[in-house]
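Q: I'd like to ask you about the structure that follows.
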C-alpha cells in the first residue's frame, strides 16, 4: 500500500536543466535564465516553485538540474526547500531527468513536471486546469497542458485535441512538430490546436510503466544511476557512467507520442516561455512611449525600446525600436523583432573565446 | 635688450581650460576631452604639445588649466615637460588666461596660443603657416590662423580676409559671429572666409600692449594675481581673489576684434575641434561597412556606426547609423547625426545628480 499522502499531494518536478544564451548578456552558462529575475523581483525558478505553494495540494518539490547551478538553486529556494535536488552528471534531455524524479517518488504520487523558466501570469487558471486533470491522472493517464495559441508561432510544437474524456480534458489526437508558417496559421484558425508548453502531470508509476514499455534501456540506465547515487542532504548525484549510458531523449518522443492514455487540458493562463528579448518586451509594462525600461536608464525622445541595465547607466536619445541590454561587462544592441540574432553575437563571442559567456555578470 | 632666444624660439601656450560634456560618457568634468586619447594612442593634449616638438623652433610650453587637472597634465607631459603649468583659480575665458602666459614670458617671446583639444592632421602645413606669419609677428602684429571651411558650419565664428600683407598672410577684414545657415553657405561659396579656430600667434608684449589699451582693468587684475601667486616647481597658482576680479572675456572680443594690426594666415591642415561624437566618426578610419570601431566590440550586419568601448564588450547586430559609446559605468546610444543630443542626456543626468558626470570612468 502506498502512503495516503502520496495520492493526494502533488509533487512538483521542476526541470532546471537549461543553460540557454537567448537572453545573453543576462543569461550565462553559469547563471541561466531560470536563475534570473527577468520579469520582477523573483527569479523564474522562484516563481515556478511559488505556483505550488498551497501545502494542501502540493508536497515539497524535486528539482533536476546541472551541478553547476546546485548552490544557487539551494540559495534561491531557502524559503521553499525542495525534497530533493537531483544533479544530473550531464544533460540527457527531459525523459531521463523525469525518470529520476519518478523513481525517487512514491509510486502513486502525481508528478507535476514543469520547466523552470516559463511565465504563467494567471496561476489560478493553471491550478484549475490541474484540478480538471486529476481524476484522469489518478486513473493512470499521462496529461499535458495545451497552451491556447495567440499567434501562428513556428517555434513550438502543437497538440491536436481529440474527444473530451473528462470536463475540459481531451484525448490527444496528435503531437505535431514545429510547423511552417502556413500550417501554423491553419492550426491557429482551426481552434482545435494548442501549443505544447512542456508541462505534464501523471502518477510516477504511470510514467515508469510507460518508460518500461517504450524505453526499457533508458529506464534501466536511470535505475542503475540511482543505485550508485551519492546523497548529501537533499542533494542526489546519480552515478555518472550509468546515467550517461542512457540515450538523450525528450519526454514527448520517448513517451507522450507513443502512449495511449494521453490527455490534454487546454488552458489560457498567460503563458510565455520568455524565449527572447522580444518576448520580455511583450511581457513588460510599457511606459507612455512604449518603452519597457528596467534599471538605471535615461531615455529621451525614445520609443518602443526595451532598455535594461544591471549596472552602468544606460542613456539613449532619439532612438526607436531597439533592444538595449547592459551588464557590468557587456552591452548588446539589436533592433526589436530581431532578438534571435543574439545567437549570432554569442557565436562570435564563442569564436573569440570571450569570457562574458561563462562568467556571471 | 631681450635675450636673443626669446625672439627666435616660439613659446607654445596651451589652453586646457575646457571641461566639456559633448563627448560624455568619455569626457567627464574631472577628465575632459583634452586629457583623453580620442583619435589614437595619445591624448589630445599630448598631440597638441607634440606639434611643437622641434626644439630649434619652439621653447618649452606654458599650460593654462584648471587645478583639478594639474596632476593628470603633469603625468601626460612627463616626456615633454612644460616651462610652466598655470592653475587658474576658476575659468575667466581665454583673454585673462593668455594674459597670465604673456606676463610669465619674455616680452619679445612669440606665443603660439592653442586650444588643447583640437586635431591638426597636417602638422607640416601648420608649421609652414607659422613660418609665414613670423615676420609680421616679430613686427608686432597679432596673427590668427584661418581654417579653410569645407562645409557651411554654423557652430564656428568666421574671419573675412582683407588684402595680403605678406606672402600668404592677409589683414583681417572682419571677425564674424557664428552665422545662420544661409550666411554660412554664402561664406563658403565666397571663398574669402575662414573659420576662426582659436589659434593665435603674437609677441607677448604685443598682446600685453593691446590688453593695456582695450582691457586695462583685466590686465591689472591678472598682474595682481601673479604678484600674489604661489609657485611650486613648474606650477603657478595665481592669487584667486585678484584673478577672479577680472572680467570673463574671450581673446576675440577683448583684443582681436578691436586691434588694428591683426592678420590671418589661411591654412588647410586637416583641422577639427572634435566637438562631437559625429566629428569623431568623421575622423576615424571606417571599416568596409562604414563603421568606426574602437575597443572590445562585436558588430554583425551593422553599418555606419561609431562603436566605442572603454570597458565592457559592446555587441550589436542589424543596426545602422548609431553612435554607441560604453564605459565601465555608462552607456550612450544616439542616432548618428544627432550627437548634439548628448547635451540632453547630460542635463537629465545632472537633474538626477548622477555620479557618472564627475567621476572619471
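Chains as they are written, first to last, in our numbering: chain A, 737 to 1097; chain B, 737 to 1097. Glycine residues also receive a C-beta, built at the ideal position from the N, C-alpha and C atoms.
Let me see if you follow: with CB-CB separation under 7 Å, is residue 1092 of chain A close to chain B or not?
A: Along the first chain, one-based indexing puts residue 1092 of chain A at 356. With 7 Å as the cut-off, residue 1092 of chain A counts as an interface residue toward chain B.
Q: Going by C-alpha to C-alpha distance, which of B/751, B/761, B/762, B/794 sits closest to residue 781 of chain B?
A: Taking the second chain and counting its residues from 1, one reaches residue 781 of chain B at position 45. Ranking the options by Cα distance to residue 781 of chain B, first place goes to B/751.
Q: Could you confirm whether any beta carbon from chain A is found closer than 7 Å to the beta carbon of residue 1040 of chain B?
A: In the second chain, counting from the first residue as 1, residue 1040 of chain B sits at position 304. No, residue 1040 of chain B does not count as interfacial toward chain A.
Q: Among B/745, B/746, B/906, B/768, which has the Cα closest to the Cα of residue 1094 of chain B?
A: Indexing the second chain from 1 puts residue 1094 of chain B at position 358. Checking every option, the nearest Cα to that of residue 1094 of chain B belongs to B/768.
Q: Can you give me the start and stop residues for the beta strand (DSSP E) that residue 760 of chain A sits inside?
A: Counting from one through the first chain, the residue named residue 760 of chain A turns up at place 24. Taken as a continuous stretch (DSSP letters only), residue 760 of chain A belongs to no beta strand (DSSP E), as it is neither H nor E.
Q: Looking at residue 1054 of chain B: is its Cβ nearer than 7 Å to the Cβ of residue 1037 of chain B?
A: As a position in the second chain, residue 1054 of chain B is number 318, starting the count at 1. As a position in the second chain, residue 1037 of chain B is number 301, starting the count at 1. Yes, the Cβ-Cβ distance between residue 1054 of chain B and residue 1037 of chain B is below 7 Å.
Q: Sorted by chain position, which residues of the same chain lie with C-beta nearer than 8 Å to residue 789 of chain B's C-beta, five sequence neighbours on each side aside?
A: As a first step, residue 789 of chain B is located in the second chain; it is residue number 53 there, counting from the start. Excluding sequence neighbours, residue 789 of chain B sits near 816.
Q: Answer with buried or exposed for residue 811 of chain B, where buried requires no fewer than 16 other C-beta atoms within 10 angstroms of its C-beta.
A: Looking up residue 811 of chain B in the second chain gives position 75. So residue 811 of chain B ends up on the exposed side.
Q: List the endpoints of the continuous beta strand (DSSP E) containing residue 799 of chain A.
A: Taking the first chain and counting its residues from 1, one reaches residue 799 of chain A at position 63. Its beta strand (DSSP E) spans residues 798 to 802.
Q: Residue 1064 of chain B versus chain A: which residues are under 8 Å apart at the beta carbon?
A: In the second chain, residue 1064 of chain B corresponds to position 328, counting from 1. Result: 1048, 1064.
Q: Helix, strand or coil, according to DSSP, for residue 948 of chain B in the structure here?
A: The sequence position of residue 948 of chain B within the second chain is 212, counting from 1. Residue 948 of chain B: helix per DSSP, three-state reduction.
Q: Is residue 826 of chain A close to chain B, meaning its C-beta is less than 7 Å from at least one C-beta of that chain?
A: For the purposes of this step, residue 826 of chain A is taken as the residue at position 90 of the first chain. Judged by the 7 Å Cβ criterion, residue 826 of chain A is not in contact with chain B.
Q: Quick one: Cα of residue 1032 of chain A to Cα of residue 763 of chain A, how far?
A: To locate residue 1032 of chain A, count along the first chain from 1; it is residue 296. To locate residue 763 of chain A, count along the first chain from 1; it is residue 27. Rounded to the nearest angstrom, the two C-alpha atoms are 19 Å apart.
Q: Check for me: the beta strand (DSSP E) holding residue 1103 of chain A runs from which residue to which?
A: As shown, chain A starts at 737 and ends at 1097. That puts residue 1103 of chain A outside it, with no answer to give.
Q: Helix, strand or coil for residue 877 of chain B per DSSP?
A: The residue labelled residue 877 of chain B in the question sits at position 141 within the second chain. If DSSP states are grouped into helix, strand and coil, residue 877 of chain B belongs with coil.
Q: Could you work out which residue in B/1074, B/853, B/838 is closest to residue 1042 of chain B when comparing CA atoms only?
A: Residue mapping note: residue 1042 of chain B aligns to position 306 of the second chain, counting from 1. Ranking B/1074, B/853, B/838 by Cα distance to residue 1042 of chain B puts B/1074 first.
Q: I need the boundaries of the alpha helix (DSSP H) containing residue 834 of chain A, first residue and last residue.
A: Residue 834 of chain A sits at position 98 when you count from the first residue of the first chain. Element bounds for residue 834 of chain A: 830 to 839.
Q: Give a yes or no on whether the C-beta atoms belonging to residue 894 of chain B and residue 912 of chain B are separated by under 7 Å.
A: Numbered from its first residue, the second chain carries residue 894 of chain B at position 158. Numbered from its first residue, the second chain carries residue 912 of chain B at position 176. In contact: residue 894 of chain B and residue 912 of chain B (Cβ atoms closer than 7 Å).
Q: For a test of the three-state rule: what should DSSP assign to residue 1010 of chain B, helix, strand or coil?
A: If you number the second chain from 1, residue 1010 of chain B lands on position 274. Coil.
Q: Could you have a look at residue 1051 of chain B and say whether DSSP puts it in helix, strand or coil?
A: Taking the second chain and counting its residues from 1, one reaches residue 1051 of chain B at position 315. Of the three classes helix, strand and coil, the one that applies to residue 1051 of chain B here is strand, per DSSP.
Q: Note the first and the last residue of the continuous alpha helix (DSSP H) segment covering residue 919 of chain A.
A: In the first chain, counting from the first residue as 1, residue 919 of chain A sits at position 183. Residues 917 to 926.
Q: With a threshold of 7 Å on Cβ separation, who are the neighbours of residue 742 of chain B within its own chain once the five nearest residues in sequence on each side are excluded?
A: Within the second chain, numbered from 1, the residue matching residue 742 of chain B stands at position 6. Confidence at residue 742 of chain B is low in this model, with a pLDDT of 36, below 50, so its placement is unreliable and the value that follows should be read with caution. Within the same chain, residue 742 of chain B has close Cβ partners 842, 844, 845.
Q: Measure the Cβ-Cβ separation of residue 957 of chain A and residue 978 of chain A and say whether it is below 7 Å.
A: Counting from one through the first chain, the residue named residue 957 of chain A turns up at place 221. Counting from one through the first chain, the residue named residue 978 of chain A turns up at place 242. Yes, Cβ-Cβ distance for residue 957 of chain A and residue 978 of chain A is below 7 Å.
Q: Could you name the residues of chain B that residue 1051 of chain A contacts, counting a contact when the two beta carbons are closer than 8 Å?
A: In the first chain, residue 1051 of chain A corresponds to position 315, counting from 1. Within chain B, the residues near residue 1051 of chain A are 761, 1066, 1067, 1068, 1069, 1081, 1084, 1085.
Q: With residue 814 of chain A as the anchor, note down where its beta strand (DSSP E) starts and where it stops.
A: Within the first chain, residue 814 of chain A is the residue found at index 78, counting from 1. Run containing residue 814 of chain A: none; DSSP gives neither H nor E here.
Q: According to the neighbour-count rule (16 or more other Cβ atoms, all chains shown, within 10 Å of its Cβ), is residue 917 of chain B buried or exposed?
A: Indexing the second chain from 1 puts residue 917 of chain B at position 181. Counting Cβ neighbours within 10 Å, residue 917 of chain B comes out exposed, since fewer than 16 surround it.
Q: Over what stretch of residues does the beta strand (DSSP E) that includes residue 721 of chain B continue unbroken?
A: Nothing can be reported for residue 721 of chain B, as the shown portion of chain B is limited to 737 through 1097.
Q: Using C-beta distances below 7 Å, list every residue in its chain close to residue 921 of chain A, excluding the 5 sequence neighbours before and after it, in chain order.
A: The sequence position of residue 921 of chain A within the first chain is 185, counting from 1. The answer, listed in chain order, is 888.
Q: Comparing the C-beta of residue 1055 of chain A with each C-beta of chain B, is any distance below 7 Å?
A: On the first chain, residue 1055 of chain A is found 319 positions in, with the first residue counted as 1. It does; some Cβ of chain B falls within 7 Å.
Q: Over what stretch of residues does the alpha helix (DSSP H) that includes residue 780 of chain A continue unbroken?
A: The residue given as residue 780 of chain A occupies position 44 in the first chain. Run containing residue 780 of chain A: 780 to 786, per the alpha helix (DSSP H) assignment.
Q: Are there 16 or more other CB atoms within 10 angstroms of the CB of residue 737 of chain A, so buried, or fewer, so exposed?
A: Residue mapping note: residue 737 of chain A aligns to position 1 of the first chain, counting from 1. Because the pLDDT at residue 737 of chain A is just 39, under 50, the model does not fix this residue reliably, and the point stays unresolved.
Q: Ordered along the chain, which non-local residues of its own chain (more than five positions away) have a Cβ less than 6 Å from that of residue 941 of chain B?
A: Looking up residue 941 of chain B in the second chain gives position 205. The answer, listed in chain order, is 843.
Q: Just to confirm before moving on: does the CB-CB distance between residue 1078 of chain A and residue 758 of chain A stay below 7 Å?
A: As a first step, residue 1078 of chain A is located in the first chain; it is residue number 342 there, counting from the start. As a first step, residue 758 of chain A is located in the first chain; it is residue number 22 there, counting from the start. Cβ atoms of residue 1078 of chain A and residue 758 of chain A: closer than 7 Å.
Q: Taking the Cβ atom as the reference point for each residue, do residue 880 of chain A and residue 914 of chain A lie within a distance shorter than 7 Å?
A: For the purposes of this step, residue 880 of chain A is taken as residue 144 along the first chain, with counting starting at 1. For the purposes of this step, residue 914 of chain A is taken as residue 178 along the first chain, with counting starting at 1. Taking 7 Å as the Cβ cut-off, residue 880 of chain A and residue 914 of chain A do not qualify as a contacting pair.
Q: Spatial neighbours of residue 860 of chain B within its chain, please: CB distance less than 7 Å, with the 5 preceding and 5 following residues excluded, ordered by chain position.
A: Start at 1 with the first residue of the second chain, and residue 860 of chain B comes out as number 124. Correct list: empty, nothing qualifies.
Q: Quick check for students: name the residue ranges of the alpha helix (DSSP H) that lie wholly in the stretch 843 to 876 of chain A, counting only runs of 4 or more.
A: Correct list: 859 to 874.
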